[in-house]
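Letter 60 of the sequence shown, counting from 1, is numbered 60 in the working numbering, and no numbers are missing.
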Amino acid sequence: MARPLFRSRLRAFQAMLGDAPDPAFIATLEFLENRDLDLSIRIGGMLAFNALMTTIGTHPISASPGAPLSVDAASQPVLTILSLIGLAPLVVSSILCLRALLLGEEFDTDGFEDSLRPGAEAESPEKLQRRLFATFIHSIDAQAHLLRQSVRATFVGGAMTLAVWAAILWDKMG
Numbered sequence: 001m002a003r004p005l006f007r008s009r010l011r012a013f014q015a016m017l018g019d020a021p022d023p024a025f026i027a028t029l030e031f032l033e034n035r036d037l038d039l040s041i042r043i044g045g046m047l048a049f050n051a052l053m054t055t056i057g058t059h060p061i062s063a064s065p066g067a068p069l070s071v072d073a074a075s076q077p078v079l080t081i082l083s084l085i086g087l088a089p090l091v092v093s094s095i096l097c098l099r100a101l102l103l104g105e106e107f108d109t110d111g112f113e114d115s116l117r118p119g120a121e122a123e124s125p126e127k128l129q130r131r132l133f134a135t136f137i138h139s140i141d142a143q144a145h146l147l148r149q150s151v152r153a154t155f156v157g158g159a160m161t162l163a164v165w166a167a168i169l170w171d172k173m174g
């Protein structure tokens, strides 16, 4: 299935507006755009936090030998592997954030181009508005769901990282 061109979505949006946009339509659209922007900022923040957590999580492996949290792969293979496993949820969380950021509000304009042909029945602005709102709402719900999953994965990764750090310190102090 070919992805529709943005031009057809723009024409459909312009057809929704007609001569004078309905203030209720504009208010609803602004509300949805603000919610979408809020989620995008949260997802971006979560992605940046995951980058920081991943950097922190790699510390035991990349630390100078003798540092309090350093591990030696040859003599401490279990702690090294556990340290790497603790990074997996952070990577999963980052993937979820990226998937959420890639979601767009590409509403279905099937049949709209055909309705522009002479003699064809025109698509009603109300129907196009419902399609646009439905797509926006679906996108917001999907982004929020992915963000919730991302936060959970980050908590798991953070907890695993802290547990491995405690095990490293316990091993070094024992």
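Backbone N, C-alpha and C fix where the C-beta goes; we use that ideal spot for every residue, glycine too.
This structure is a prediction, so every number in the text was calculated from the model and none was measured.
Looking only at its own chain, which residues have a Cβ that is under 8 angstroms from the Cβ of residue i, when we skip the five neighbours before and after it?
i   : result
M1  : Annotation note: pLDDT 48 at M1 (below 50); position unreliable, no value reported.
I41 : none
R35 : I140
With residue i as the anchor, note down where its alpha helix (DSSP H) starts and where it stops.
i    : result
D171 : 125 to 173
S75  : Careful: S75 lies outside any alpha helix (DSSP H) and carries neither H nor E.
P21  : No alpha helix (DSSP H) holds P21; DSSP gives it neither H nor E.
So, residue i versus residue j, is the Cβ gap smaller than 9 angstroms?
i    : j    : result
P89  : T154 : yes
G157 : S93  : yes
I140 : C97  : no
F133 : L32  : yes
F25  : Q129 : yes
Using the three-state DSSP reduction, which class does residue i fall into: helix, strand or coil?
i    : result
L87  : coil
P68  : coil
L98  : helix
S40  : helix
M1   : No answer about M1 holds up, because its pLDDT of 48 lies below 50 and its placement is not dependable.
L103 : coil
So, under 8 angstroms CB-CB, residue i and residue j are touching, yes? Tell me the CB distance rounded to an integer number of Å.
i    : j    : result
S83  : V164 : 5 angstroms
A100 : L146 : 4 angstroms
L87  : T54  : 6 angstroms
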